[in-house]
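**Student:**
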Amino acid sequence: MKRIFYYLCNSYEELAVHSPEELWSKYEGNKLKNISNETKKSNNVECISAYSQDYIYFLLKCKQEKIINRDRAYQNGDGFHFVIAKPQNDGMASHEFYVIGVSPLNDNDRRIITWYKDINIDFKVLRDSEIEYKILNGYTYFTVKINWKDIEPYKPYIYGNYGFNISYVQAVRDEKEVFILKDDEGIQEEESLREYEIFEFEYPNSDFFIIDVDKCNLKVGEFLNVIISKFSLNKEEAKLKLYINDKELKEENITFVNGINKIEIPIRDYEFNKGKNKIKILIKLQEMEKRKDFNITLYDEEELHFIKSKIDTLKSKTSSNSFIKESLTSIEFYYKELKDKIRKLKSYEEFNEIEKSKEILYKSIEEMEKGNDLFKVGYKLRLGFRANVDSTLQAYSLYIPSSCKDNRIIGLMVCLHGSGSDDISVLSNELYLKIAEEKRIILLAPLARGKSNCYCPVEAIEDTIDITKRIKKLFNLENKITILQGFSMGGYGALRIFDYKKEIFQGVAIFSGHYDLGKEFGFIDAKNYIEDNNIKAFEYANMIIYHGEEDLNCNYNEVQKFIDKLKNVNLRLEVKISKCGHKSLTEEWYNSFKSWIETIDKDIILETNRLILRNFKDDDLDILCEYRNDINCSRYQSWSNTSREYLRNFIKNEKVKTLNSSRIQLAIANKNTKELLGDIYIAFKNKTITLGYTISTKNQRRGYAYEILQGSIEYLFNIFPEYEIVCMVHPENKASKNLLKKLDFKNEGYEEQINSIIYSMKR
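Under UniProt numbering, the first residue of the sequence shown is numbered 1, with each subsequent residue one higher.
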């Protein structure tokens, strides 16, 4: 049978919204088949497609007496999504389409969205569209009406037939069943073409009048067509007037014959001004007047040459200022992005986004001509850098909090975006900006080569590491904390990038992520991090995981298995589970996330009255060299190498370790002056903790060793209550033997093999 968009006159439009069940006795529905359970009958879900002059309608009937609302119901149930596509000449899948997502019970303004525009995720809210549903006699009837203006350039009788497909997702207990008109495994997928059925428009039976233009932008040398489509019951005479920028361009008489009329009126480019123009079209009939206004942009590509010359002038002025150099690279990126947008612009798309890009580029050039850089405090910045891996210009977003104006930056948080989104979307979450201000942390969001690559290509990983190192160097953050966090696909990306370069990150946070997304995104060699040999990468990571019990996008039950296994590997792992769906940072999670950051912010392990125990810092090198090479300090130690270069590498290795490491050397420092006083060695084996300790000669006999050991013992027993603590002391080291006796250690006797007396303590 033919697939048809039925015509709805005014009275039927009312039925569609308020009494949809009546339409099912007038029109024949299209049956959807169950593709998730082929044993069930396929006629439980049907759809009717219809149109009017201003709207396109989709009516869905399904055999169910109750509907529920899940997160992203259009994808997870109860909800649906449908495709409007431009058919291809060969009938193959289309690259030009909209996918509209409908969540009938959603209690916010995202009930109807453009899920995809062409192959890219869009998530635009359709505020002028409506969804109604009624439950009657065991069936649920849905009616959604979409304004034609929300799905440009599609309009009835102007661009011919359209491709259409629809999929209903029904929530069934904890699972879902999927019904579809035409099989399409990629209907929900990113970067995928769409399958469709060809639908014709039913002949209208009442007056029908549409005025349109075939393009909203044109280049110098092109022309534009005004298109008039009208259904007339009788022959009609009309007068047309056409204005450009309020100046009358044309007046002529036109004749409409009985039936469908389609008239095209060409306008040459020289009738327009360069830049923005307004067209006004008036058509006067005997009993009515129709008016339509359009915004048209005429663009001269010579402007690109002018912009390029200004950039070349800036590049000719050499500067040693790193911020100026990086800003100039960003301007080159803006220029490339502008050219790409112009090249990809479709004729029916308005020039607004390109105008914004031009404005940003001109303002940035103006700033640099004044000698200023582009790294503005308190602004969401979209910048560019030239990647080390292949010298291409790549995008990243940055937020430098206003609280950092005094340069008191405590660190950097690298934020990885989810699938279908980009670096800009990360900074749209105001909670990240809030935490950046409160904690004085710079936010960095790399694009990483695309919206949906799961951070699997080596270029995506290298770009993330590359821009992280550049920002750390630019803002002098080498000795500050760096946190890696990701949402959804970015959660998998955080696992992947930490595994690749864990030494530059002091913490990992995952929001609604998954441990095995790479293969799902088509990367067959991507790691599955629940596997034993892969999960070990996070044994010593300072790590927190957030997830929702109702998350169906990264299924909670699957992720829980990973969490349970990771807890056995990583004893410091924190987990926060909430009754919610697929979420990034939320108000509910905000305080715990901030508190977790504070534990990383302080590289202090513990504090006593006068001392702190912390990780080593690069600044400790001089004092460490001094006492490690002091014969009075090293008399009872077995240090094999005390050269400056060796100790420099020693600090580099020890400063990133945590108590999850099998062994770690921590710095003892003065609480007030922060000066290094000595160090403590802590090693874990089976259920034994071995302690070693050193106080520099000039700071001995002040009770520092007793104070820091007493605090350390209490701290370690609080974390590892079942462990035994042991110390090994040279037989001639009377001060150390007296110290351990004072701390209530038990003398276990002399061990000849290591020439030491063993002291032990249990809780």
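Backbone N, C-alpha and C fix where the C-beta goes; we use that ideal spot for every residue, glycine too. Fair warning: this is a prediction, and the values are worked out from it, not measured in the lab.
1) By Cβ distance, which residues of its chain are closer than 6 Å to L477, with the 5 residues on each side in sequence left out?
2) What are the boundary residues of the alpha helix (DSSP H) that R496 is part of?
3) Whole angstroms is fine: what's the gap from E252's alpha carbon to E190's?
4) Three or more C-beta pairs closer than 8 Å, one from the segment 562-576 and one from the segment 535-554: is that the case here?
5) Name, in chain order, the residues that DSSP records as bridge partners for F375.
6) Using beta-carbon positions only, say whether F164 and L59 come within less than 8 Å of one another.
7) Start and end of the beta strand (DSSP E) containing T297?
8) Only counting runs of 3 or more residues, tell me where the beta strand (DSSP E) segments fall wholly within the segment 24-81, in order along the chain.
9) Taking C-beta to C-beta, are S397 and G420 nearer than 8 Å?
10) Check this for me: beta carbons of A683 and I695, under 8 Å apart or not?
11) Within this structure, are the beta carbons of L427 and A448 separated by less than 8 Å?
12) Out of curiosity, what's the CA-to-CA distance linking S364 and D551?
13) Assuming the contact rule is C-beta atoms closer than 8 Å, K278 and N245 should be a hit. Round their C-beta distance to whole Å, please.
14) Go through its chain and collect everything with a Cβ distance to E301's Cβ below 7 Å, but skip five positions before and after it.
15) From the DSSP secondary-structure annotation, give me the bridge partner or partners of N165.
16) So does the segment 209-219 actually touch the segment 105-125, counting three or more Cβ pairs closer than 8 Å?
17) Please say whether D184 and R194 have beta carbons closer to each other than 8 Å?
18) Can you tell me whether G160 is buried or exposed, with buried defined as 16 or more other CB within 10 angstroms of its CB?
19) Tell me whether Q665 sits in a helix, a strand or coil according to DSSP, three-state version.
20) Apply the 10 Å Cβ neighbour rule to W115 and answer buried if 16 or more other Cβ atoms are within range, or exposed otherwise.
21) Relative to the C-alpha of P153, which residue among S129, I211, E437, I131 is closest?
22) Let me confirm a value: M288 is counted as buried when at least 16 other C-beta atoms fall within 10 Å, else exposed. Which label applies?
23) Let me make sure I understand the geometry here. Which of E96, S712, I131 has the alpha-carbon closest to that of D107?
24) Under a three-way DSSP split, which group does residue 767 fall into?
25) In or out: Q665 buried (at least 16 other Cβ within 10 Å) or exposed?
26) Just to confirm the assignment: which complete beta strand (DSSP E) runs, minimum length 3, are found wholly within the UniProt domain "N-acetyltransferase" (611-763)?
27) Could you check whether the segment 281-295 touches the segment 328-341, counting it as contact only if at least three pairs of C-beta atoms, one from each stretch, sit closer than 8 Å?
28) Thinking G101 and Y74 are a contact (beta carbons under 8 Å), I'd like their distance in whole angstroms, please.
29) Please say whether E459 and D390 have beta carbons closer to each other than 8 Å?
30) Using a Cβ-Cβ cutoff of less than 8 Å, which residues in the same chain neighbour L743 once the five nearest sequence positions on both sides are dropped?
31) Please name the residue or residues paired with D212 in a DSSP beta bridge.
32) Looking at the structure shown, is C415 part of a helix, part of a strand, or coil, going by DSSP?
33) Leaving out five residues on either side along the sequence, give the residues of the same chain with a beta carbon under 6 Å from the beta carbon of G749.
34) Does the beta-carbon of L571 have 16 or more other beta-carbons within 10 angstroms, so that it is buried, or is it exposed?
35) Below 7 Å CB to CB, which residues in the same chain sit around E13 once its five sequence neighbours on both sides are set aside?
36) Where does the unbroken beta strand (DSSP E) through A238 begin, and where does it stop?
**Tutor:** Let me lay it out:
1) L412
2) 489-500
3) 48 Å
4) yes
5) None; F375 has no bridge partner.
6) no
7) 289-299
8) 30-34, 45-51, 55-62
9) no
10) no
11) no
12) 42 Å
13) 6 Å
14) K219
15) V83
16) no
17) yes
18) exposed
19) strand
20) buried
21) I211
22) exposed
23) I131
24) Absent from the structure is residue 767, since the part of the chain shown begins at 1 and ends at 763.
25) buried
26) 611-614, 663-670, 676-685, 688-695, 724-729, 746-751, 756-762
27) no
28) 3 Å
29) yes
30) Y706, L709, Q710, I713, M761
31) I227
32) strand
33) none
34) exposed
35) S52
36) 236-244
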